[in-house]
Amino acid sequence: MENKGKLLGIDFGAKNVGLAVTDESRQFVFGRGCIENYPNLEVLFEQIKEVCKQERVTGVVFGVPLDENMEETPRTREYREVGAKLGDFLGGVIEIHFQDEAFSTFEGGESISDPNLKKKYNSHELAAMVILERFIGA
Numbered sequence: 716m717e718n719k720g721k722l723l724g725i726d727f728g729a730k731n732v733g734l735a736v737t738d739e740s741r742q743f744v745f746g747r748g749c750i751e752n753y754p755n756l757e758v759l760f761e762q763i764k765e766v767c768k769q770e771r772v773t774g775v776v777f778g779v780p781l782d783e784n785m786e787e788t789p790r791t792r793e794y795r796e797v798g799a800k801l802g803d804f805l806g807g808v809i810e811i812h813f814q815d816e817a818f819s820t821f822e823g824g825e826s827i828s829d830p831n832l833k834k835k836y837n838s839h840e841l842a843a844m845v846i847l848e849r850f851i852g853a
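The opening position of the sequence shown corresponds to residue 716 in my numbering, with each subsequent residue numbered one higher.
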């Protein structure tokens, strides 16, 4: 994996999808909000594609849930399928990576102690930031 270009982190949820991006050098992570998940993935994918275009993203890091033994579950496989479909939708030009998202929502919430600052971020956005931080720190 080349360590150049921005990455988009995705915390995929049933109702909301959290987004975060790295800087070009992949040293810093920034929240990019939360978008509604749709029953039709194409609508969601169009919004993600627009974010990729605006941010000039070169890779996507899709959070997948592993169990307490760090093993895959049926839900993990479902998320991997969604990530693969996103990769196909993006035309295969943006590489899709997968990262364990276990406890990322909790960790994201715990990382901010200031209650006023906590209100600024959505929990899914914070989880997407944690997913990216784990990936670039690995």
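Where a beta carbon is used, it is the ideal one built from N, C-alpha and C, also for glycine.
Checklist entry - In angstroms, rounded to a whole number, what distance separates the CA positions of Glu780 and Thr737? => result Reading the sequence as shown, one finds Pro at residue 780 and not Glu. Pro780 and Thr737: Cα-Cα distance of roughly 21 angstroms.
Checklist entry - Which whole-angstrom value is the C-beta distance of Ala843 and Gly724, which I expect to be below 8 angstroms? => result 4 angstroms
Next on the checklist: I need the boundaries of the beta strand (DSSP E) containing Val797, first residue and last residue.
Outcome noted: Premise fails: Val797 lies in the alpha helix (DSSP H), 789 to 804, not in any beta strand (DSSP E).
Item to check | Top-ranked residue by Cα proximity to Gly852, from His839, Thr773, Glu810, Asp815 | outcome: Asp815
Item to check | Counterpart residues of Lys764 in DSSP-defined beta bridges | outcome: In the DSSP output, where bridge partners are listed per residue, Lys764 has none listed.
Checklist entry - Considering only C-alpha positions, which residue in the set Ser838, Gly806, Lys730, Asp782 is nearest to Val775? => result Gly806
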